[in-house]
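*Asks:* Attaching a single structure in structure tokens format; questions to follow.
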Amino acid sequence: MPRPLVVGDCWLCDRSGVSVMFLGPVQTDSGTAPFDACEPCVLRLEVRVFAYNTSGPGSRPADFRPSRR
Ligand SMILES: [Zn+2]
Numbered sequence: 001m002p003r004p005l006v007v008g009d010c011w012l013c014d015r016s017g018v019s020v021m022f023l024g025p026v027q028t029d030s031g032t033a034p035f036d037a038c039e040p041c042v043l044r045l046e047v048r049v050f051a052y053n054t055s056g057p058g059s060r061p062a063d064f065r066p067s068r069r
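By this note's numbering, the letter at position 59 of the sequence shown is numbered 59, and the numbering carries on one by one without gaps.
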């Protein structure tokens with residue numbers, strides 16, 4: 001099920017007024033906050049998550065393209 005998009009601020013690229021999706025809570029030494037990211041940033045994260053889950057930390061397969069969207 002696709003995550004809903006809302007208009008907001010991307011916490012990765014700092015763009016405002018863009019379509020973002022909630023990725024989960026982020027925890028830092030300052031506390032916990034909702035973590036939203038825009039679609040281009042989510043796609044970059046998906047590449048990293050895929051690489052981490054298939055080849056381990058630090059790997060980045062060049063041929064991976066997310067299938068959705
Ligand atoms: Zn972004």
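We put the beta carbon where it would ideally sit given N, CA and C, even for glycine. Please read all numbers here as calculations on a predicted model, not as lab measurements.
#1: Which of helix, strand or coil does DSSP assign to residue 38?
#2: Taking 7 Å as the limit between beta carbons, can you name the residues of its chain near residue 34, skipping five residues before and five after?
#3: Residue 37 and residue 12: beta carbons closer than 8 Å?
#4: Return the chain-ordered list of same chain residues with a C-beta closer than 8 Å to the C-beta of residue 42, the five sequence neighbours on each side being excluded.
#5: Below 8 Å between beta carbons: does that hold for residue 39 and residue 19?
#6: In the DSSP assignment, find the unbroken beta strand (DSSP E) run with residue 24 in it and report its ends.
*Replies:* The structure says:
#1: Along the sequence shown, read from residue 1 onward, the residue named residue 38 stands at position 38. Residue state, collapsed to three classes: strand.
#2: The count along the sequence shown starts at 1 and reaches residue 34 at position 34. Taken in chain order, the residues that qualify are 22, 25.
#3: Position 37 of the sequence shown, counted from the first residue, corresponds to residue 37. Position 12 of the sequence shown, counted from the first residue, corresponds to residue 12. Closer than 8 Å, so yes.
#4: Translated into positions along the sequence shown, residue 42 becomes position 42. Same-chain partners within the cutoff: 21, 23.
#5: Your numbering for residue 39 matches position 39 in the sequence shown. Your numbering for residue 19 matches position 19 in the sequence shown. Yes. Within cutoff.
#6: Along the sequence shown, read from residue 1 onward, the residue named residue 24 stands at position 24. That run of the beta strand (DSSP E) goes 18-28.
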